[in-house]
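Here's the structure, in structure tokens; my notes come after.
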């Protein structure tokens, strides 16, 4: 019994000084239990210790309970109830993207090797759509600004162009030598572009550059997103981009020539 007690006490010794001092702290990054003295004098000497999370030993159980509760909640799947509110019929071979403008007006396109590329402005009717305008532009993606001006980059090109509501097209800027892929404009009028280097789409090698670049309306380049925190490439082919109300970025990333892909957030 005495031997068991001594063993239990040794397990609870400070892991930095090995003295049977009262354990009061745990570093979650080092995964170490510490006494008051080592927390104040020894642990701060560790590399990057200022970024470590040190919690009271009393909070360890609470933290574990919280994690267990969260894990339990994740196991409780709830059915998602959805229903079709309305359907509209078109004779398009496919639809690549739809963007709503207001007043039952939508902008959409399709782009395929078999059917070519078409862009439409349409009005939603009761069960069908009325085509207000069609434009022959070969491009990968488009985006609308608050004035319903259409931003696009022609397929395989580096020029970001905009077509105004009166049909006048002009070039905003060039991303040369990078080719424009996905396009998005957020509520702050920032322009998000998916870009890639010249050359074949796949395979994506270490020499490839696949990124999302954010521009101010000026335009002034703000920042580029290409690698994760581990230095790994995040994208292969940024086909579509969007943002939520908190300006978090979501991208549809095509991984292979057969169009298999994923959503990157």
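Residue numbers (full-length UniProt numbering): 1 to 265.
Idealized CB from N, CA, C, for every residue including glycine.
All of these numbers come straight from a predicted model, not from anything done at the bench.
query: So is the beta-carbon of residue 106 under 6 Å away from any non-hydrogen atom of the ligand SAH?; result: Looking for the ligand SAH in the displayed structure turns up nothing, as the structure carries no ligands at all.
query: Our contact map puts residue 138 next to residue 110 with C-beta atoms below 8 Å; I'd like the distance itself, whole angstroms only.; result: Not confirmed; about 12 Å, so no contact.
query: For residue 57, which of helix, strand or coil comes out of DSSP?; result: helix
query: Where does residue 37 fall in DSSP's three states?; result: helix
query: Three or more C-beta pairs under 8 Å: does that hold for the region 87–95 against the region 39–58?; result: no
query: Mapping DSSP to helix, strand and coil, what is residue 7?; result: Residue placement at residue 7 is flagged as unreliable, the pLDDT there being 41, under the threshold of 50; a coordinate-derived value is accordingly withheld.
query: Can we say the region 213–226 touches the region 184–203, given the rule of at least three CB pairs closer than 8 Å?; result: yes
query: Take every Cβ of the region 131–145, pair it with every Cβ of the region 174–186, and state whether three or more of those distances are shorter than 8 Å.; result: yes
query: DSSP three-state call for residue 205: helix, strand or coil?; result: coil
query: Rounded to the nearest angstrom, what separates residue 67 and residue 117 at their Cα positions?; result: Residue confidence is low: residue 67 scores 46 on pLDDT, short of 50, so the model does not pin down where it sits. No coordinate-derived value is stated.
query: Report yes if the CB atom of residue 176 is closer than 7 Å to the CB atom of residue 158, and no otherwise.; result: yes
query: Give me, in chain order, the residues of the same chain whose beta-carbon lies closer than 7 Å to that of residue 220; leave out the 5 immediate sequence neighbours on both sides.; result: none
query: What are the partner residues of residue 117, as DSSP defines its beta bridges?; result: 111
query: Alpha carbon to alpha carbon, how far is residue 71 from residue 13?; result: Only weak support is given to the placement of residue 71: the predicted model assigns it a pLDDT of 48, under 50, and the value that follows is read from those uncertain coordinates. Rounded to whole angstroms, residue 71 to residue 13 spans 31 Å at the Cα level.
query: Closest to residue 178 by C-alpha separation, out of 97, 100, 153 and 171, would be which residue?; result: 153
query: Would you identify the three-state DSSP class for residue 184, choosing helix, strand or coil?; result: strand
query: Look at the alpha carbon of residue 240 and the alpha carbon of residue 96, and state the distance between them as a whole number of angstroms.; result: 10 Å
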